[in-house]
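Residue numbers (full-length UniProt numbering): 1 to 84.
See structure below.
Structure follows, in structure tokens:
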């Protein structure tokens, strides 16, 4: 989902938790991160880019934890869980 959609769901009370997970398939010396949120129905939803590539949503990859935390804060979360 896009960040504006996630913000609306957060304000409606549908999002319960935010987790930052390592992007395992991203090459490079420094770790990359993805942002996932847990919905009230138990589904885990990833933050996606605003643009689609070949008609498919692309998961947003963060190069730093600071950028990922800033996006979580923009959605409305005050605390985030980080998994290594």
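Note that the Cβ used here is the ideal one computed from N, Cα and C, for glycine as well.
As the structure is a computational prediction, the values presented were derived from the model and not from experiment.
DSSP places residue 72 inside the alpha helix (DSSP H), whose first and last residues are 65-75. Of the residues assessed, residue 60 falls on the buried side of the cut-off, its CB having 16 or more other CB atoms within 10 angstroms. Around the C-beta of residue 72, 16 or more other C-beta atoms lie within 10 Å, and the residue is accordingly described as buried. Here residue 24 is exposed, its C-beta having fewer than 16 other C-beta atoms within 10 Å. Membership of residue 9 in the alpha helix (DSSP H) is indicated by the continuous run 3-11.
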